[in-house]
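Participant:
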Amino acid sequence: MEKNAIECAVVMAGGSGTRFWPMSRALKPKQFLPVTGGEALLVETCNRLNPIMGDERIVAVLGESHLSEARACLGERPIHLIGEPVGRNTAPCIALGAFYARWRGVRGPIAFLPADHHIGDRQSFLDALCVAGRKSLSGGIATLGVVPDRPETGYGYIRREGSGLKGSGEGVYRVAAFVEKPALADAKSYVASGEYYWNAGVFVATAETLLKEVERHLPALYKALSRLEGAFGREGFAERLGEVYGTIEGISFDYGVMEKPGVDAYVVPCRCDWSDVGSWASLYALRSTSHDAEGNLADADAVLIDCRGSFVQASGKKIVACLGLEDVLVVDTPDALLVTRLDRSQDIRRIVDALKAKGRDGFL
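In terms of my numbering, the sequence shown has 249 at position 122, counting the first letter as 1, and numbering is strictly consecutive.
#1: Beta-carbon within less than 6 Å of F490's beta-carbon, same chain only, minus the 5 sequence neighbours each way: which residues are those?
#2: Over the uninterrupted alpha helix (DSSP H) stretch that includes R229, give me the two end residues.
#3: Quick check: is any heavy atom of the ligand PLP less than 6 Å from the C-beta of D428?
#4: Can you tell me where the alpha helix (DSSP H) with H344 in it begins and where it stops?
#5: Any idea which residues DSSP pairs Q473 with across the strands?
#6: Across which residues does DSSP place D426 in a beta bridge pair?
#7: Can you list, in chain order, the residues of its chain with a C-beta nearer than 6 Å to that of E386? Leave out the 5 residues immediately preceding and following it.
#8: Where do the N-terminal and C-terminal ends of the beta strand (DSSP E) with L450 fall, by residue?
#9: Output the distance between the C-alpha atoms of L413 and D400, rounded to the nearest integer angstrom.
#10: With contact counted as at least three CB pairs below 8 Å, one residue from each stretch, are the stretch 194 to 210 and the stretch 318 to 336 in contact?
#11: Can you list, in chain order, the residues of its chain with a C-beta nearer than 7 Å to that of P161? Leave out the 5 residues immediately preceding and following it.
#12: Just to confirm, is the Cβ distance from C220 to M139 under 7 Å?
#13: Excluding sequence positions up to five away, which residues of its chain have a Cβ less than 8 Å from the Cβ of G451?
#14: E171 to G165, Cα distance in whole Å?
#15: Could you check what DSSP says for A303 in three-state terms: helix, strand or coil?
#16: Note down the Cα distance separating A228 from V186, rounded to an integer number of angstroms.
#17: Is the separation between the beta-carbon of F330 and that of F239 shorter than 7 Å?
Take a look at the structure:
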């Protein structure tokens, strides 16, 4: 691990965290909450980077409405904050971060990573990130591929080419394909082949390389964001950013750039105890060591009788009593109560959509 292998990090801290409703809300989404039991996920992500860079080399791109929440989480730390006036998915977020880093004089490798993931093995993660950084110096965009330990249908996959790059000596492979979330039978074959990795959404490239690919594959986005180059650090930047974001369309970086023909893409395998913490079910699985003998997890003042495989999350003074439940999720907050099957937690956003349609914005 080298301190200079990654010159800068752009942390993607947008998103509404709707699958963690009712704990995650529009004004305080998942990335600003201590979801895994420690500090807020954004803080944990920035802390994770500190062995290879100081806070002054970290840029967080987040929703403009969350700037005060981010400042409250991060305190006086000199982390750069850029507030997007509206969410436009990961391609605009990453490109904006690259433009800003280039304006700051960053010429070396930049890591682009989500703010709301869990990584249990920080050392292995940073080692892989530095390998990706060294590769990016010779061109191309490197991505981290998490070595799967089970067939998982909730993640996208990266398929590598058969053999590692000659002379790299570090297990770097060309990307053969990005694969959408598979059916279970396909996921099993992917794991058995040893040629597929989970797509963690972590990318490493120089600003020059990344922005060239954005210009080639998303020219309208590149042209729009180019209008900001003379506005960074000046009065009126927020207004200019609002004007620019009003003209661009939302698109993911994977779909808009990485999956396009001709992109020089590489994957660095990584074993780092990773989870995207994408739903209550994934948090339940992540915290398996805290389950009781019947597979229950209770983050609450709770009494569970004849319950199995259930997850109770509650705050406040109420006691939560459950009797005869199996594979059930209960989340109790001061103004909302959620009860569902744990395996339906990916669908919680439908509840948020229904509340929005009914005009119940106070519960969003």
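Heads up, the beta-carbon is just placed ideally off N, CA and C, and yes, glycines get one too.
Facilitator: Considering the structure as presented:
#1: Locating residue 490 in the sequence shown gives position 363, where the first residue counts as 1. The answer, listed in chain order, is A463 and L482.
#2: Residue numbering aside, residue 229 sits at position 102 when the sequence shown is read from its first letter. T217 to W230 is the span of the alpha helix (DSSP H), which, as asked, contains R229.
#3: Judged by which ligands are present, the structure shown has none, so any question about the ligand PLP falls away.
#4: Taking the first residue of the sequence shown as position 1, residue 344 is located at position 217. For H344, the enclosing alpha helix (DSSP H) has its first and last residue at A334 to H344.
#5: Taking the first residue of the sequence shown as 1, we reach residue 473 at position 346. Listed as beta-bridge partners of Q473 by DSSP are no residues whatsoever.
#6: Within the sequence shown, residue 426 is the residue found at index 299, counting from 1. DSSP links D426 through a beta bridge to Q440.
#7: In the sequence shown, the residue the question calls residue 386 occupies position 259. Within the same chain, F305 come within 6 Å of E386 by CB-CB distance, once the 5 residues on both sides are set aside.
#8: For the purposes of this step, residue 450 is taken as residue 323 along the sequence shown, with counting starting at 1. In this chain, the beta strand (DSSP E) harbouring L450 covers V447 to L450.
#9: Your numbering for residue 413 matches position 286 in the sequence shown. Your numbering for residue 400 matches position 273 in the sequence shown. Distance between the alpha carbons of L413 and D400: 9 Å.
#10: Fewer than three pairs of CB atoms, one per stretch, sit closer than 8 Å, so the stretch 194 to 210 makes no contact with the stretch 318 to 336.
#11: As a working mapping, residue 161 is identified with position 34 in the sequence shown. Counting only Cβ-Cβ distances below 7 Å, and skipping sequence neighbours, we find A167.
#12: In the sequence shown, the residue the question calls residue 220 occupies position 93. In the sequence shown, the residue the question calls residue 139 occupies position 12. Contact: yes.
#13: Against the sequence shown, residue 451 aligns to sequence position 324. Spatial neighbours of G451 in its own chain (CB-CB distance under 8 Å, excluding positions within 5 residues in sequence) are listed in chain order as I432, D433 and C434.
#14: Residue 171 sits at position 44 when you count from the first residue of the sequence shown. Residue 165 sits at position 38 when you count from the first residue of the sequence shown. If you draw a straight line from the Cα of E171 to the Cα of G165, it is about 8 Å long.
#15: In the sequence shown, residue 303 corresponds to position 176, counting from 1. Residue state, collapsed to three classes: strand.
#16: Numbered from 1 along the sequence shown, position 101 holds the residue referred to as residue 228. Numbered from 1 along the sequence shown, position 59 holds the residue referred to as residue 186. Put simply, the backbone Cα of A228 is about 8 Å away from that of V186.
#17: Taking the sequence shown and counting its residues from 1, one reaches residue 330 at position 203. Taking the sequence shown and counting its residues from 1, one reaches residue 239 at position 112. Yes.
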